[in-house]
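Colleague:
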Amino acid sequence: GIHIQTSMIVSIVVVLVLTVGSFFLYRKRAKLGWPQRAAGFAASAAAGCALVFCVFLQSAVTESLGILPDAWMQDRYYRYYGVITSFLTNLTNLEIDKPEEYSEEAVNEILDDVEAGEKYSTSPLYPESYGATTPADEAVQKPTIIYVMDESYWDVSELEQYGYQFDTDVSANLHRLQQTSAYGRAYSPSFGGGTCDVEFEALTGYSVSFLPNGSKPYQQHVTKPMFALPNYLKTQGYQTAAVHCFWAKYWSRDTAYPNLGLDTFLSLEKMHGVNKVRKHYWTSGLVTDDSMANQIIQQYESMKASSDAPVFLHAVTMQNHTNYNKDNYPDDERVKVLEHPAGLKASTVGALEDFATGIRDADAMLGKLTEYFSQVDEPVILVFWGDHYNPIDSNYDVFTRSGYASDSSADPKLHQTPLLMWSNYTDKPVDLGTIAAYDISPVMMNI
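Be aware that the sequence shown starts at 783, since it is given in the working numbering, and climbs by one per residue.
#1: Shortest alpha-carbon distance to Ile1078 belongs to which of Ile927, Thr916, Ala824?
#2: Taking the CB atoms as reference points, tell me whether Val963 and Trp1204 lie closer together than 8 Å.
#3: For Leu1042 and Ala825, I'd like the C-alpha separation in whole angstroms.
#4: Give me the DSSP bridge partner(s) of Ala1095.
#5: Assign Thr950 to one of two classes, buried (16 or more other C-beta atoms within 10 Å of its C-beta) or exposed (fewer than that).
#6: Among Ile1174, Gln818, Gln923, which has the Cα closest to the Cα of Phe973?
#7: Taking only the alpha-carbon atoms, compute the straight-line gap between Gln1021 and Ser1188 and give it to the nearest angstrom.
#8: So, using beta-carbon positions, are Ala1219 and Ser970 closer together than 8 Å?
#9: Quick check: the Cα distance between Glu910 and Pro917, rounded to an integer number of angstroms?
#10: Under three-state DSSP, which class holds Val1165?
#11: Quick one: what does DSSP say Leu1120 is sitting in, helix, strand or coil?
#12: Using 8 Å as the Cβ pair cut-off and three pairs as the minimum, do the stretch 1113-1126 and the stretch 931-951 touch?
#13: Would you identify the three-state DSSP class for Asn949, choosing helix, strand or coil?
#14: Taking just the CA atoms, how far does Glu933 sit from Val980?
#15: Using only the alpha-carbon positions, how far apart do Pro1112 and Asp1159 sit?
#16: Could you check how far apart the C-beta atoms of Asp1213 and Tyr965 are, in whole angstroms? I think they sit under 8 Å.
#17: My output table needs one value for Phe1155: the three-state DSSP class, helix, strand or coil.
#18: Runs of 4 residues minimum, wholly inside the stretch 961-1029: which ones carry the alpha helix (DSSP H) assignment?
#19: Less than 8 Å between the C-beta atoms of Asp1145 and Asn1013, yes or no?
#20: Mapping the DSSP letters down to three states, classify Ala954 as helix, strand or coil.
#21: Within 10 Å of its beta-carbon, does Arg858 have 16 or more other beta-carbons around it, so buried, or fewer, so exposed?
#22: Check whether the Cβ atoms of Ile1217 and Ala914 lie closer than 8 Å to each other.
#23: Are the stretch 1021-1031 and the stretch 1050-1065 touching by the rule of at least three beta carbon pairs closer than 8 Å?
#24: Measure the CB-CB distance between Met1147 and Met1074 and report whether it falls below 8 Å.
#25: For Leu847, which of helix, strand or coil comes out of DSSP?
#26: Starting from Gln1198, trace the beta strand (DSSP E) in both directions and tell me its first and last residue.
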């Protein structure tokens, strides 16, 4: 399990050079008293610390040496780079750099400018939306808010414009609901993983781009109560809860959620009677999106039965998590790829069928939830979006051979997932365009 890294080789060479050099210096050294030796030791220690913290631990240096931060898989990180290197580089992920010219006075000046600007009327960002066209005294007050962030969700039916064909409409409900909802795309900061980054942005309105490279907000930074949508809604009389069909400790949600204001957390350990699929890769299986819809509905009904307070419920699914393999579903349940661009390996086609099956089931969940909440006797807004794209197989062939996207994880097209804001009190279609994940909550509050 030991991997020889470039940083190890460089470190060995540096140590050998310093060792040989110190030998010659030692032979010519003058005899010094204890005060001089103590001063020399202190100066050497200070120089060593300066070298480590001001040079070696700079991200440009560590990345050039092949040391890439990995806040999530710490056991792997320590195994690759060793205890000392891993410990010291982890220190750099704990502190957020202070912005230039940041001060309490500067923040107060910004607030003064905001208050002054409120004296002037401005055009709404979405002039055709319910919020912009409904008088304030007639608008819905304190609706129930349901967030559903769907694992690895993007509209795979878009591939049918690039030479693919599936045997079913995998996004029928999404396309239907777009006609009567606010819809667009959420720009995800992640590709192929990092679900908690997207979730953090959506719940807080903060961008992870201002966090240290490689850090994960839930693990390094959400360590005490902080401003977030759930915490704000609690000040407005809401009761809050989260539903996630995986282990509570995954991404440290068990400690992060309370600090964000989510008072109740229904995790996999507490779920009963759920169905699981995709046991070829995930040996214990993953909870289906259909079961997640049931869990969301049950949690909502439980909260309404215990209190008249409005509900904020945040849910994160798992069914369509990577990795993908056609054997994850029985042949008679799996979506089939009828046509595809030339050159795709059979394993890639099978992986795409696995993925498309998950998208079909996520779409069915969306239909089930909107059908249920369309019948409840209170206003409800449901926000549904995908956390990030994934490579479908161990390559980008699904994207590149069709011209859908490039083979770069930085391709903007591979960061824009579907976003839907549906409600049971208005059917105005609103084109949201593409907004950042950290703008989901502000837009939802004003739409």
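Ideal placement from N, C-alpha and C gives every residue a C-beta, glycine not left out.
Modeller: Reading it off the structure:
#1: Ile927
#2: Contrary to the premise, residue 963 reads as Ser rather than Val in this sequence. Yes.
#3: 45 Å
#4: For the record, residue 1095 in the displayed sequence is Leu; it is not Ala. Looking at the DSSP assignment, Leu1095 forms a beta bridge with Ile928, Ala1023.
#5: exposed
#6: Ile1174
#7: 44 Å
#8: yes
#9: 13 Å
#10: strand
#11: strand
#12: yes
#13: It should be noted that the sequence gives Asp, not Asn, for residue 949. Here Asp949 sits in coil by DSSP.
#14: 11 Å
#15: 40 Å
#16: 7 Å
#17: helix
#18: 977-986, 1011-1017
#19: no
#20: helix
#21: exposed
#22: no
#23: yes
#24: yes
#25: coil
#26: 1198-1205
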